[in-house]
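K.L.:
There's a structure below that I have some questions on.
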Amino acid sequence: MIEFTPEVVKTVITTASYIAAGAAMMAGMGPGIGMGFAAGKATSAVRRQPEARGPIITTMLLGQVISASTGIYSLVIAIFLIYGI
Amino acid sequence: MIEFTPEVVKTVITTASYIAAGAAMMAGMGPGIGMGFAAGKATSAVRRQPEARGPIITTMLLGQVISASTGIYSLVIAIFLIYGI
Amino acid sequence: MIEFTPEVVKTVITTASYIAAGAAMMAGMGPGIGMGFAAGKATSAVRRQPEARGPIITTMLLGQVISASTGIYSLVIAIFLIYGI
Amino acid sequence: MIEFTPEVVKTVITTASYIAAGAAMMAGMGPGIGMGFAAGKATSAVRRQPEARGPIITTMLLGQVISASTGIYSLVIAIFLIYGI
Amino acid sequence: MIEFTPEVVKTVITTASYIAAGAAMMAGMGPGIGMGFAAGKATSAVRRQPEARGPIITTMLLGQVISASTGIYSLVIAIFLIYGI
Numbered sequence: 001m002i003e004f005t006p007e008v009v010k011t012v013i014t015t016a017s018y019i020a021a022g023a024a025m026m027a028g029m030g031p032g033i034g035m036g037f038a039a040g041k042a043t044s045a046v047r048r049q050p051e052a053r054g055p056i057i058t059t060m061l062l063g064q065v066i067s068a069s070t071g072i073y074s075l076v077i078a079i080f081l082i083y084g085i
Numbered sequence: 001m002i003e004f005t006p007e008v009v010k011t012v013i014t015t016a017s018y019i020a021a022g023a024a025m026m027a028g029m030g031p032g033i034g035m036g037f038a039a040g041k042a043t044s045a046v047r048r049q050p051e052a053r054g055p056i057i058t059t060m061l062l063g064q065v066i067s068a069s070t071g072i073y074s075l076v077i078a079i080f081l082i083y084g085i
Numbered sequence: 001m002i003e004f005t006p007e008v009v010k011t012v013i014t015t016a017s018y019i020a021a022g023a024a025m026m027a028g029m030g031p032g033i034g035m036g037f038a039a040g041k042a043t044s045a046v047r048r049q050p051e052a053r054g055p056i057i058t059t060m061l062l063g064q065v066i067s068a069s070t071g072i073y074s075l076v077i078a079i080f081l082i083y084g085i
Numbered sequence: 001m002i003e004f005t006p007e008v009v010k011t012v013i014t015t016a017s018y019i020a021a022g023a024a025m026m027a028g029m030g031p032g033i034g035m036g037f038a039a040g041k042a043t044s045a046v047r048r049q050p051e052a053r054g055p056i057i058t059t060m061l062l063g064q065v066i067s068a069s070t071g072i073y074s075l076v077i078a079i080f081l082i083y084g085i
Numbered sequence: 001m002i003e004f005t006p007e008v009v010k011t012v013i014t015t016a017s018y019i020a021a022g023a024a025m026m027a028g029m030g031p032g033i034g035m036g037f038a039a040g041k042a043t044s045a046v047r048r049q050p051e052a053r054g055p056i057i058t059t060m061l062l063g064q065v066i067s068a069s070t071g072i073y074s075l076v077i078a079i080f081l082i083y084g085i
């Protein structure tokens, strides 16, 4: 019969949590690409109508914040996994 | 005969759940790219017709919320895996 | 009964932390692509209207800083994992 | 009771550090793609307005340096992991 | 008590170093894509204005050298891992 002491249990679970946190953070790749695309489009929009800079930047920021959401979900899950909240 | 105590069983399952939660969160990559693309297109649309800013941003938000869905599915599954609801 | 000495526990957890930190850093791929896209767009925008260089570069920088966010989350998580804060 | 000699501890941690350093360096993929995109855009911008070569190259370099940031984060983390700073 | 002879220690660390060096080199994918994009843009730029060949090639080379940076970081880390500098 295989038995684990409480310490072994804790070690194994902590190990898994940390590896999972690292894996979860990989999702940051996507928002990075997406938000950069939005930044590029905003840059060329500002070139064409520098006077519309206000609404262009507002739209970029609004869109980027929403694009960032999945990256933030991953950050939250990673923190949960590391600190075991 | 290999036998597991209930604690071993629980440890192995928790370990697998955490690693699976980390893997699930990786899906966030896709919506991040997609929502950023929508944000970029909205930015250049606002440049061309700043007076149509309202409907442009509404359309962007609606599209992004739907694009976010797979990221949210992953988040839900990850939370289920971590908290064993 | 499987038992771990405190040293074994620490070793296993450190191992997992380091591997997870390495995995988390992979997220840097995304912002690198996104910020480069913004840089490319800014470059061609400056070509077309060298006189609008100020607002173009400002918009590029603002957008890039936000795109960098998921890369910075990963860096923070990696540092947490390595130094066990 | 599973026990590790100090040498085993060191070996296991070194092993993990090296593998993690290798994983972290993979992030260099992203900035490589992004900075190359900026270089390509600058090349065609210089063709169209060779006289604006100064500001074009300056903008390219500024944007590329920022795009390189996530690659440099990974390099730093890799060096930390290898030399155990 | 798990004990490793010095030979086992060396074997395990060397094994990990080599695997890590291989992983690190994967980053070369990115600069390869990016620099190829720049080369492609330069090729079509030279076709359109053969007389501007000098500044076009100079810009391409400058941009490519910088794009190569993350690939070079990986090369350095791989050499460190293999030769244990």
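Protein chains in written order, with UniProt numbering: chain A, 1 to 85; chain B, 1 to 85; chain C, 1 to 85; chain D, 1 to 85; chain E, 1 to 85. In this text, a Cβ means the ideal position worked out from N, Cα and C, and glycines have one as well.
Using a cut-off of 9 Å between C-beta atoms, extract the partners of Ile13 (chain C) located in chain D.
P.N.:
Here the question's residue 13 (chain C) lines up with position 13 in the third sequence. The contacting residues do not exist; Ile13 (chain C) stays about 10 Å from chain D at best.
K.L.:
From what residue to what residue does the alpha helix (DSSP H) around Phe4 (chain E) run?
P.N.:
In the fifth sequence, counting from the first residue as 1, residue 4 (chain E) sits at position 4. Per DSSP, Phe4 (chain E) belongs to no alpha helix (DSSP H) and is neither H nor E.
K.L.:
Determine whether the beta carbon atoms of Met29 (chain A) and Met29 (chain B) lie at a separation below 7 Å.
P.N.:
Here residue 29 (chain A) is taken as the residue at index 29 of the first sequence, counted from 1. Here residue 29 (chain B) is taken as the residue at index 29 of the second sequence, counted from 1. The answer is yes: Cβ separation under 7 Å.
K.L.:
Look at the Cβ atom of Thr11 (chain B), then the Cβ atom of Val65 (chain A), and state whether they are nearer than 7 Å.
P.N.:
Within the second sequence, residue 11 (chain B) is the residue found at index 11, counting from 1. Within the first sequence, residue 65 (chain A) is the residue found at index 65, counting from 1. Result no, Cβ atoms of Thr11 (chain B) and Val65 (chain A) do not sit closer than 7 Å.
K.L.:
How about Gly71 (chain B) and Thr5 (chain A): do their beta carbons lie closer than 7 Å?
P.N.:
Position 71 of the second sequence, counted from the first residue, corresponds to residue 71 (chain B). Position 5 of the first sequence, counted from the first residue, corresponds to residue 5 (chain A). No, Cβ-Cβ distance for Gly71 (chain B) and Thr5 (chain A) is not below 7 Å.
K.L.:
Listed from N- to C-terminal order along the chain, which residues in the segment 31-48 of chain C have their beta-carbon within a distance smaller than 9 Å of any beta-carbon of chain D?
P.N.:
Per Cβ criterion, the list reads Pro31, Gly32, Ile33, Gly34, Met35, Gly36, Phe37, Ala38, Ala39, Gly40, Lys41, Ala42, Thr43, Ser44, Ala45, Val46, Arg47, Arg48.
K.L.:
On the CB-based measure, 16 or more other CB atoms within 10 Å of its CB, does Val16 (chain C) come out buried or exposed?
P.N.:
For the purposes of this step, residue 16 (chain C) is taken as residue 16 along the third sequence, with counting starting at 1. Going by the sequence as given, residue 16 (chain C) is Ala instead of Val. Under this definition Ala16 (chain C) is a buried residue.
K.L.:
In terms of alpha-carbon separation, which member of B:Ala39, B:Phe80, B:Glu7 lies closest to Ala68 (chain A)?
P.N.:
Counting from 1 along the first sequence, the entry for residue 68 (chain A) is found at position 68. Cα-wise, what sits closest to Ala68 (chain A) is B:Ala39.
K.L.:
With DSSP collapsed to three states, give me the class of Gln64 (chain D).
P.N.:
Along the fourth sequence, one-based indexing puts residue 64 (chain D) at 64. Helix, per DSSP.
K.L.:
Flag Phe80 (chain A) as yes if its beta-carbon sits less than 7 Å from any beta-carbon of chain C, otherwise no.
P.N.:
Counting from 1 along the first sequence, the entry for residue 80 (chain A) is found at position 80. Not an interface residue.
K.L.:
Taking Cβ positions only, does Ala50 (chain D) come closer than 7 Å to chain C?
P.N.:
Position 50 of the fourth sequence holds residue 50 (chain D). Checking the sequence, you will find Pro at residue 50 (chain D) rather than Ala. No, Pro50 (chain D) does not count as interfacial toward chain C.
K.L.:
Please classify Gly36 (chain E): does DSSP put it in a helix, a strand, or coil?
P.N.:
Counting from 1 along the fifth sequence, the entry for residue 36 (chain E) is found at position 36. In this structure, Gly36 (chain E) counts as helix in the three-state DSSP scheme.
K.L.:
Whole angstroms are fine: how far does the CA of Ile33 (chain B) sit from the CA of Val76 (chain C)?
P.N.:
Indexing the third sequence from 1 puts residue 76 (chain C) at position 76. Indexing the second sequence from 1 puts residue 33 (chain B) at position 33. Spanning the two alpha carbons is a distance of roughly 22 Å.
K.L.:
Does the Cβ-Cβ distance between Arg53 (chain A) and Pro31 (chain C) come in under 7 Å?
P.N.:
Taking the first sequence and counting its residues from 1, the one referred to as residue 53 (chain A) is at position 53. Taking the third sequence and counting its residues from 1, the one referred to as residue 31 (chain C) is at position 31. It is not a contact, given that the beta carbons lie outside the stated cut-off.
K.L.:
State the DSSP-derived secondary structure class of Gly84 (chain C), mapped to helix, strand or coil.
P.N.:
In the third sequence, residue 84 (chain C) corresponds to position 84, counting from 1. Looking at Gly84 (chain C) - three-state DSSP - the assignment turns out to be coil, as it is neither helix nor strand.
K.L.:
Verify the CB distance criterion: does Tyr18 (chain E) have a CB-CB separation below 7 Å to chain D?
P.N.:
Translated into the one-based positions of the fifth sequence, residue 18 (chain E) becomes position 18. No, Tyr18 (chain E) does not count as interfacial toward chain D.
K.L.:
For a cutoff of 7 Å on Cβ pairs, would you count Glu7 (chain D) as touching chain C?
P.N.:
Stepping through the fourth sequence from its first residue, residue 7 (chain D) is reached at position 7. No, Glu7 (chain D) lies away from the interface with chain C (no Cβ there is under 7 Å from its Cβ).
K.L.:
Confirm, please, whether the CB-CB distance from Ala21 (chain E) to Leu81 (chain E) is below 7 Å.
P.N.:
In the fifth sequence, the residue the question calls residue 81 (chain E) occupies position 81. In the fifth sequence, the residue the question calls residue 21 (chain E) occupies position 21. Closer than 7 Å, so yes.
K.L.:
Given that Leu75 (chain B) touches chain A, what residues does it touch there, using C-beta distances under 9 Å?
P.N.:
Locating residue 75 (chain B) in the second sequence gives position 75, where the first residue counts as 1. Thr70, Tyr73, Ser74, Val76, Ile77, listed in chain order.
K.L.:
State buried or exposed for Arg47 (chain B), treating a residue as buried only when at least 16 other CB atoms are found within 10 Å of its CB.
P.N.:
What you label residue 47 (chain B) is simply residue 47 of the second sequence in a count that begins at 1. With 16 or more Cβ atoms within 10 Å of its Cβ, Arg47 (chain B) is classed as buried.
K.L.:
Check whether the Cβ atoms of Ser74 (chain C) and Ala42 (chain C) sit closer than 7 Å, and answer yes or no.
P.N.:
The residue given as residue 74 (chain C) occupies position 74 in the third sequence. The residue given as residue 42 (chain C) occupies position 42 in the third sequence. No.
K.L.:
Leaving aside the five residues before and after Ala45 (chain B) along the sequence, list all residues of the same chain whose C-beta is less than 6 Å from its C-beta, in chain order.
P.N.:
Sequence index remark: in the second sequence, residue 45 (chain B) carries index 45 (1-based). Taken in chain order, the residues that qualify are Ile56.
K.L.:
Between Ile2 (chain E) and Val8 (chain D), is the Cβ-Cβ spacing less than 7 Å?
P.N.:
Position 2 of the fifth sequence holds residue 2 (chain E). Position 8 of the fourth sequence holds residue 8 (chain D). Against a cut-off of 7 Å, the Cβ pair of Val8 (chain D) and Ile2 (chain E) comes out as a contact.
K.L.:
Verify the CB distance criterion: does Gly22 (chain C) have a CB-CB separation below 7 Å to chain D?
P.N.:
As a working note, residue 22 (chain C) is residue 22 in the third sequence. Chain D, which has a Cβ nearer than 7 Å to the Cβ of Gly22 (chain C), makes this yes.
K.L.:
Just confirm the distance between the C-beta atoms of Ala23 (chain E) and Ala23 (chain D), as a whole number of angstroms; I'd bet it's less than 8 Å.
P.N.:
Along the fifth sequence, one-based indexing puts residue 23 (chain E) at 23. Along the fourth sequence, one-based indexing puts residue 23 (chain D) at 23. Contact flag correct, Cβ pair sits at about 6 Å.
K.L.:
Any beta-carbon of chain D closer than 7 Å to the one on Ala28 (chain C)?
P.N.:
Translated into the one-based positions of the third sequence, residue 28 (chain C) becomes position 28. As written in the sequence, residue 28 (chain C) is Gly, which differs from the Ala given in the question. It does; some Cβ of chain D falls within 7 Å.
K.L.:
Ile66 (chain B) versus chain G: which residues are under 7 Å apart at the beta carbon?
P.N.:
Annotation note: the requested chain G is absent from the structure, which comprises protein chains A, B, C, D and E.
K.L.:
Could you tell me the distance, in whole angstroms, from the CA atom of Thr58 (chain E) to the CA atom of Pro50 (chain D)?
P.N.:
By one-based count along the fifth sequence, residue 58 (chain E) stands at place 58. By one-based count along the fourth sequence, residue 50 (chain D) stands at place 50. Each residue's Cα considered, the two are about 11 Å apart.
K.L.:
With 7 Å set as the bound, which would you pick, yes or no: does the beta-carbon of residue 131 (chain C) sit closer than that to a beta-carbon of chain A?
P.N.:
The structure shown does not extend to residue 131 (chain C), since chain C spans only 1 to 85, so no value can be given for it.
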